[in-house]
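Colleague: Residue numbers (my numbering): 29 to 184.
Structure below; questions to follow.
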């Protein structure tokens, strides 16, 4: 499940991610330890511990420590996500307590999509109706113009 991370704004150690504010607290353990997940993504991209460390300004030992972690600071996870171009935050929603936030956000967006779809459908029907009226009016205008020509021909 690889996506590009979209960070909206970072101020005062608060990360606004997808409408969810995440402070500088540690992220709780997930079904797979966060360190193991980071390791598999980094290695999957062909990065050694040293190569990965150079990208996030950490030593080889620092990277080994990250790989062993069950929790991680959100600012560090944000930096790792950007460097590896992988959204690690999405794995937070594996936790049932946090999943309800994502489901609520999804529900809000789904409602907006449904409303817009209804408006689009109405607009399409209205446009079709207007086009039909316009075609009828053009036909009537052509008939009237023909009658005017016939009348003018008779009066000459």
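For every residue, glycine included, the Cβ atom is placed at its ideal position computed from N, Cα and C.
No experiment lies behind these values; they were computed from the predicted model shown.
On the DSSP letters alone, give me the boundaries of the alpha helix (DSSP H) that residue 149 sits inside.
Modeller: On the chain shown, residue 149 is found 121 positions in, with the first residue counted as 1. Residue 149 -> alpha helix (DSSP H) spans 124 to 183.
Colleague: Out of 165, 178, 72, which has the shortest C-alpha to C-alpha gap to residue 112?
Modeller: In the chain shown, counting from the first residue as 1, residue 112 sits at position 84. Ranking the options by Cα distance to residue 112, first place goes to 72.
Colleague: Cutting at 7 angstroms between CB atoms, please list the residues of its own chain near residue 126, excluding the five before and the five after it.
Modeller: The residue given as residue 126 occupies position 98 in the chain shown. Here the set comprises 120.
Colleague: Does the beta-carbon of residue 105 have 16 or more other beta-carbons within 10 angstroms, so that it is buried, or is it exposed?
Modeller: Here residue 105 refers to the residue found at position 77 of the chain shown. By the 10 Å Cβ count, residue 105 comes out buried.
Colleague: Just to confirm the assignment, what range does the alpha helix (DSSP H) spanning residue 93 have?
Modeller: Stepping through the chain shown from its first residue, residue 93 is reached at position 65. Per DSSP, residue 93 belongs to the alpha helix (DSSP H) from 88 to 96.
Colleague: Just mark residue 95 as buried or exposed, buried being the case when its beta carbon has 16 or more other beta carbons within 10 Å.
Modeller: Position 67 of the chain shown holds residue 95. So residue 95 ends up on the buried side.
Colleague: Among the residues of its own chain, which have a CB less than 6 angstroms from the CB of residue 38, if the five just before and after it don't count?
Modeller: Position 10 of the chain shown, counting from 1, holds the residue named residue 38. Confidence is the limiting factor: at residue 38 the pLDDT is only 41, short of 50, which leaves the residue's position unreliable, though a coordinate-based value still follows. Result list for residue 38: empty, nothing under 6 angstroms.
Colleague: Determine whether the beta carbon atoms of residue 108 and residue 66 lie at a separation below 7 angstroms.
Modeller: On the chain shown, residue 108 is found 80 positions in, with the first residue counted as 1. On the chain shown, residue 66 is found 38 positions in, with the first residue counted as 1. Yes; because the gap between Cβ atoms is below 7 angstroms, this pair is in contact.
Colleague: Can you tell which of 141, 150, 116 has its C-alpha closest to the C-alpha of residue 103?
Modeller: Position 75 of the chain shown, counting from 1, holds the residue named residue 103. Ranking the options by Cα distance to residue 103, first place goes to 116.
Colleague: Residue 56 to residue 140, Cα distance in whole Å?
Modeller: For the purposes of this step, residue 56 is taken as residue 28 along the chain shown, with counting starting at 1. For the purposes of this step, residue 140 is taken as residue 112 along the chain shown, with counting starting at 1. Unreliable positioning characterises residue 56 in this predicted model, as indicated by a pLDDT of 41, which lies under 50. The coordinate reading is nonetheless provided below. In a straight line, the C-alpha of residue 56 is about 32 angstroms away from that of residue 140.
Colleague: Go ahead and label residue 81 buried or exposed: buried means 16 or more other beta carbons lie within 10 angstroms of its beta carbon, across all protein chains shown.
Modeller: Your numbering for residue 81 matches position 53 in the chain shown. The residue in question, residue 81, is buried, as its Cβ has 16 or more Cβ neighbours within 10 Å.
Colleague: With a threshold of 16 other CB atoms inside 10 Å of the CB of residue 114, please say whether the residue is buried or exposed.
Modeller: Numbered from 1 along the chain shown, position 86 holds the residue referred to as residue 114. Label assigned to residue 114: buried.
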